[in-house]
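Chains as they are written, first to last, in the numbering used here: chain U, 60 to 314; chain G, 14 to 350.
Shown next, in the form of structure tokens:
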């Protein structure tokens, strides 16, 4: 299956954020969206999620326009992991994950045995079964990110879109989330995530998409598109490339 | 919290039962628990109870309608408050946020000004509440804003202020010896005049609205998330928002039409319910209904027994509600923020 944007003009009713954007995401593939603050990453993300109507062009999911899907149909194919956030009420971790099953029931239905079973399986997958009855507001930032991942997977989607999944996580949890993102690609999901760290894109993504000032300034396999010159152009700052002689791996340092 | 939910629900139910017993037993003509039990069992089984006729009259004719009305109004305001707090993702809103109470108040004082009968006044209050909320909703959503919830709240506040000015005007031009006291009394809330015929127009809307909200309880969990997140989960947020607002407004308007303005219940009771059973609406809605019914039964019993003349309910709920709410903010706010 393919999620794609064609000649997209993105933005809000009073302001255009980006023009002429083409994006393609296949299932089984991980795509990282990089770019400076205010460059249109989140707007593009929301447009591809169907949460924001494109100002021009169209988003397609499978063989239909995304806007032709109902909320419920879309949510069974396309899941969203929002940025680390605070919720108003202290729902239990299990309740939060069960919310991921919303699209699999009718407006009035209560969670079925299957729903609870799926939620339980997702808690297990991310190793957070012990948090099941804890209030979501009382767990750590890293644990919350895992809960949101579990909720997204409980939707049983083909595509998962994550908005800065590693922002405000400690070093260890960043690694954990990176591994989970790679695993999602391996298990056949199409994954799109935004990040401020090119090294995270190198580590978890197959391809990278560089967005600056609402324009695509580069796209391709992470090994090719993420070069020192491209990143200096993207962020308008000097970048240093370091490489590890023994593994041949490279990493970027800003400044 | 998942495990403490059942006891929490039981505690809420026990509060309702205690409120019912208290309200039936206490008053100028005390009724013993044995008599109350005998009379109810006899009534249900169709036998004769042997309890004095005076006690039977007190139970069925004098206190019965008022007790049922208090339980229903308390439950209705609490359920509506619960729904609004979830919908607006804010634990500090009450069911009159979108103008239901101020619209009903304006309807009622207009009815009193034109010296209409009690049924017409109630009807005007009910319609006033519905019209006010419809106006707020139409104005708020006609702007197709990026944050529909915030615009709705602001519109509600502004329209509420306008309606408040209308109420002020009616009080200003009213006859200050007959109409003004009646308006003031109505605006402070009372169940003193409740009789059997009031129960049907109260029960119908309250039952319908509450059933709709209860049927939507699982979706209301997801509705309390940020708008875009709820939509990404597959919730038809626009449709659900209308359904929740209509249902909550129905129960609020019917309650206000019967009992006048009773503040605090819809704001405070949902919090107590949340500390008992957690924020999950599948348990929160019944818990809030039980607690709200029990709470208003206690308040109403105080209102009619403590002093020779009745104390308006709105005053009592504020006197009880304010210190309680401050205590609540100070002690448990960390767990829901």
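Ideal placement from N, C-alpha and C gives every residue a C-beta, glycine not left out.
Since the structure is predicted, the reported quantities are computational estimates derived from the model, not experimental observations.
In three-state terms, what does DSSP make of residue i?
| i | result |
| --- | --- |
| residue 189 (chain U) | helix |
| residue 120 (chain U) | strand |
| residue 67 (chain U) | strand |
| residue 201 (chain U) | helix |
| residue 180 (chain U) | helix |
| residue 38 (chain U) | Only positions 60 to 314 of chain U appear in the structure, and residue 38 (chain U) is not among them; the question remains open. |
| residue 308 (chain U) | coil |
| residue 131 (chain G) | helix |
| residue 296 (chain U) | coil |
| residue 302 (chain U) | strand |
| residue 24 (chain G) | helix |
| residue 279 (chain U) | strand |
| residue 196 (chain U) | helix |
| residue 61 (chain U) | strand |
| residue 323 (chain G) | coil |
| residue 215 (chain U) | coil |
| residue 283 (chain G) | helix |
| residue 15 (chain U) | The structure shown does not extend to residue 15 (chain U), since chain U is modelled only from 60 through 314, so no value can be given for it. |
| residue 251 (chain G) | helix |
| residue 102 (chain U) | helix |
| residue 147 (chain U) | coil |
So, is residue i buried or exposed, given that buried needs 16 or more other C-beta atoms within 10 angstroms?
| i | result |
| --- | --- |
| residue 300 (chain U) | exposed |
| residue 359 (chain G) | There is simply no residue 359 (chain G) to check, as chain G begins at 14 and stops at 350 in what is shown. |
| residue 21 (chain G) | buried |
| residue 239 (chain U) | buried |
| residue 67 (chain U) | buried |
| residue 194 (chain U) | buried |
| residue 303 (chain U) | exposed |
| residue 96 (chain U) | exposed |
| residue 231 (chain G) | buried |
| residue 85 (chain G) | buried |
| residue 294 (chain U) | buried |
| residue 186 (chain U) | exposed |
| residue 174 (chain G) | exposed |
| residue 246 (chain U) | exposed |
| residue 282 (chain U) | exposed |
| residue 3 (chain G) | The question about residue 3 (chain G) has no answer, for chain G in this structure spans 14 to 350. |
| residue 303 (chain G) | buried |
Along the chain, where does the alpha helix (DSSP H) that runs through residue i open and close?
| i | result |
| --- | --- |
| residue 194 (chain G) | 192 to 201 |
| residue 252 (chain U) | Counting along the chain, residue 252 (chain U) falls outside any alpha helix (DSSP H), though it belongs to the beta strand (DSSP E) covering 249 to 254. |
| residue 296 (chain G) | 294 to 318 |
| residue 163 (chain G) | 161 to 186 |
| residue 244 (chain U) | 230 to 245 |
| residue 210 (chain G) | 209 to 228 |
| residue 103 (chain G) | Careful: residue 103 (chain G) lies outside any alpha helix (DSSP H) and carries neither H nor E. |
| residue 274 (chain G) | Counting along the chain, residue 274 (chain G) falls outside any alpha helix (DSSP H), and DSSP gives it neither H nor E. |
| residue 132 (chain U) | 130 to 134 |
| residue 189 (chain G) | Premise fails: residue 189 (chain G) is in no alpha helix (DSSP H) and is neither H nor E. |
| residue 125 (chain G) | 113 to 126 |
| residue 49 (chain G) | 46 to 58 |
| residue 259 (chain U) | 257 to 263 |
Considering just the uninterrupted stretch of the beta strand (DSSP E) at residue i, what are its terminal residues?
| i | result |
| --- | --- |
| residue 78 (chain U) | 74 to 85 |
| residue 161 (chain U) | Segment: none, residue 161 (chain U) is in no beta strand (DSSP E) and carries neither H nor E. |
| residue 42 (chain G) | No beta strand (DSSP E) contains residue 42 (chain G), which DSSP labels as neither H nor E. |
| residue 271 (chain U) | 266 to 271 |
| residue 91 (chain U) | 89 to 93 |
| residue 395 (chain U) | Within the shown structure, residues of chain U are numbered from 60 to 314, placing residue 395 (chain U) beyond reach of any answer. |
Quick check: is any heavy atom of the ligand NAD less than 6 Å from the C-beta of residue i?
| i | result |
| --- | --- |
| residue 136 (chain G) | Absence of the ligand NAD is noted for the structure shown, with no ligands found whatsoever. |
Among the options, whose alpha-carbon lies nearest the alpha-carbon of residue i?
| i | options | result |
| --- | --- | --- |
| residue 244 (chain U) | U:265, U:224, U:67 and U:255 | U:265 |
| residue 78 (chain G) | G:294, G:33, G:96 and G:45 | G:33 |
| residue 110 (chain U) | U:207, U:138 and U:229 | U:138 |
| residue 200 (chain G) | G:285, G:160 and G:180 | G:180 |
| residue 288 (chain U) | U:222, U:69, U:117 and U:311 | U:311 |
| residue 131 (chain U) | U:228, U:164, U:313 and U:112 | U:164 |
| residue 64 (chain U) | U:257, U:268 and U:307 | U:268 |
| residue 258 (chain U) | U:170, U:233 and U:246 | U:233 |
| residue 279 (chain G) | G:266, G:291 and G:27 | G:266 |
| residue 101 (chain U) | U:282, U:166 and U:141 | U:141 |
| residue 78 (chain U) | U:285, U:188 and U:115 | U:115 |
| residue 182 (chain U) | U:82, U:210, U:201 and U:219 | U:210 |
| residue 159 (chain G) | G:82, G:110, G:102 and G:240 | G:240 |
| residue 298 (chain G) | G:228, G:262 and G:65 | G:228 |
Under the assumption that residue i contacts residue j (Cβ atoms under 8 Å), give the Cβ distance between them as a whole number of angstroms.
| i | j | result |
| --- | --- | --- |
| residue 284 (chain G) | residue 104 (chain G) | 7 Å |
| residue 211 (chain G) | residue 271 (chain G) | 6 Å |
| residue 69 (chain U) | residue 80 (chain U) | 7 Å |
With 9 Å as the C-beta to C-beta threshold (strictly closer), list the residues of the segment 121 to 137 of chain U near chain A in chain order.
-> This model lacks chain A altogether; the protein chains it does include are U and G.
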